[in-house]
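Enquirer: Take a look at this one; I'll ask things after.
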Amino acid sequence: MEIEKKRKFIINILYFAIILAIVWVILEWGLSLIMPFIIAFLISWALQRPIRFLSEKLRVHKKILAIFLVLLFYCTIGLLIALLIIKSFSAVGELIASLPALYEAHINPLIGKIYDSLESSFIRLDPELMNALDTLIQDSAASIGEIISGLSMTVAGAVSGAASSLPGFLIRLLLMVISTFFISMDYDRLMGFILRQFNDRTQELFFQIKKYIIGTLFVCIRSYALIMSITFVELSIGLHILRVENAFLIALLIAVFDILPVLGTGGIMIPWAIITFLLGNYSLAIGLAVLYVVITIIRNILEPKIVGGNIGLHPVVTLISLFVGAQLFGVVGLFGFPIFLSLLVNLNKNGTIHLFKMDESKESTESPKANRRIMKRRRK
């Protein structure tokens, strides 16, 4: 009996390991190829409810409404992107126009102070040490020149790579738009065809997974909206205490940026603190650094509890899944990996799969005594 249990356990582990390997290969290599069609399908799925509602109310054929709503959707998205690009170019233009004044007001005096300080220090130095420092400065200048030259070549290569990938991006965009029209028009037929390829049990499992993922996705969005709101409140209070102008707007932008993995709040606040320190505003620089540390600590404490509590995972498991997902798949993994683990736990609880054992009795396994009793029973 024990051998049979072990064999069953090994088979289950191998089964799910193969599934995970297939999913990883698809996400790593095949996702970019089918991504336009996945996005088109998701947009079509999101538009189905308004299409059905308007079709019943207006007595208009679904295909006509599908064409109209898809067209309206892409026109709206295109208009928003165009406005965002125009606003961004305008802001960058204003920044470039203000750079000379910024240089004259802050950077030039700072360079002058550093130069005067170095000059007064060099006068008191030994001539041999002066020669060594002069050689070091010349070598440093040459190294900086090489770094700048390499950086310019890197930027030029990045621009060239972006330009060469533009035709492929436009083709994928066109495929996505066209696919959205066709999928939206024949959504029910396509879904019916796909479902007919599976038996009743698989269809039931499919709908169960779909319902759970959609519900969990909304819960995840709500959780991260709460985290973003907490970060926004912390930033608003902190920046107001530091007497930063436009504190609410800056706090909102940083809070939105905080959702991104790796970069987060530090992607804005650390460079801001360094630049402020170099410009001589030491109190603001220290305040920004302290504010960043406080926000980071609070987020790292709250995120596993909020996200894990809402999707039914332990905070430690949530923290591991967030880290592993972000490392393997970036933003998609950050959101998708906890949802995937939550789905496995839910299917295991329902008895659909038997991947791991849950509580064996009504005793609470949270106490050490209960855990010891369970271990004794297993030994017997």
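Per our numbering, the sequence shown runs over residues 242 to 621. Glycine is no exception: its CB is placed at the ideal position from the N, C-alpha and C atoms.
(1) Three or more C-beta pairs under 8 Å: does that hold for the segment 571-587 against the segment 448-467?
(2) Touching or not, the segment 439-447 and the segment 291-303, by the rule of three or more beta carbon pairs under 8 Å?
(3) Going along the chain, which residues of its own chain have a beta-carbon closer than 8 Å to the beta-carbon of TYR315, five neighbours each way excluded?
(4) Work out the CA separation of ASN541 and LEU274 for me, nearest whole Å.
(5) Please confirm whether ILE468 and ILE561 have their CB atoms less than 8 Å apart.
(6) If you follow the alpha helix (DSSP H) that PHE448 is part of, which residue opens it and which one closes it?
(7) Taking buried to mean at least 16 other C-beta atoms within 10 Å of its own C-beta, is TRP270 buried or exposed?
(8) Can you tell me whether DSSP reads ILE500 as helix, strand or coil?
(9) The alpha helix (DSSP H) with ASN541 in it runs from where to where?
(10) How is the alpha helix (DSSP H) around GLN568 delimited, first residue to last?
(11) According to the neighbour-count rule (16 or more other Cβ atoms, all chains shown, within 10 Å of its Cβ), is ILE510 buried or exposed?
(12) If you run the structure through DSSP and keep just helix, strand and coil, what is ASN253?
(13) Compare the C-alpha of ASP278 against each of GLU445, GLU243 and PHE423 and name the closest.
(14) ALA526 and THR537: beta carbons closer than 8 Å?
(15) Note the first and the last residue of the continuous alpha helix (DSSP H) segment covering ALA287.
(16) Where does GLU243 fall in DSSP's three states?
Expert: A quick look at the data gives this:
(1) They touch, by the three-pair rule.
(2) no
(3) Along the sequence shown, one-based indexing puts residue 315 at 74. Closer than 8 Å at Cβ, skipping near neighbours: VAL418 and THR421.
(4) Start at 1 with the first residue of the sequence shown, and residue 274 comes out as number 33. Start at 1 with the first residue of the sequence shown, and residue 541 comes out as number 300. Taking the straight line from one Cα to the other gives about 35 Å.
(5) Along the sequence shown, one-based indexing puts residue 468 at 227. Along the sequence shown, one-based indexing puts residue 561 at 320. For ILE468 and ILE561, no; Cβs fall outside 8 Å.
(6) Working through the sequence shown from its first residue, we reach residue 448 at position 207. Annotation for PHE448: the continuous alpha helix (DSSP H) segment containing it runs 441-482.
(7) Along the sequence shown, one-based indexing puts residue 270 at 29. Its Cβ having fewer than 16 others within 10 Å, TRP270 is exposed.
(8) Indexing the sequence shown from 1 puts residue 500 at position 259. Coil at ILE500, not helix or strand.
(9) Along the sequence shown, one-based indexing puts residue 541 at 300. Here the alpha helix (DSSP H) through ASN541 covers 523-552.
(10) If you number the sequence shown from 1, residue 568 lands on position 327. GLN568 -> alpha helix (DSSP H) spans 556-570.
(11) For this step, residue 510 is matched to residue 269 along the sequence shown. Residue 510 is actually Met in this sequence, not Ile. The residue is buried, with at least 16 neighbouring Cβ atoms inside 10 Å.
(12) Position 12 of the sequence shown, counted from the first residue, corresponds to residue 253. In this structure, ASN253 counts as helix in the three-state DSSP scheme.
(13) For the purposes of this step, residue 278 is identified with residue 37 of the sequence shown, where counting begins at 1. One point to set straight first is that residue 278 is Phe, not Asp, in the sequence displayed. For PHE278, the nearest C-alpha among the options comes from PHE423.
(14) Walking along the sequence shown from the start, residue 526 turns up at place 285. Walking along the sequence shown from the start, residue 537 turns up at place 296. Contact: no.
(15) In the sequence shown, residue 287 corresponds to position 46, counting from 1. 272-299 is the extent of the alpha helix (DSSP H) around ALA287.
(16) If you number the sequence shown from 1, residue 243 lands on position 2. Looking at GLU243 - three-state DSSP - the assignment turns out to be helix.
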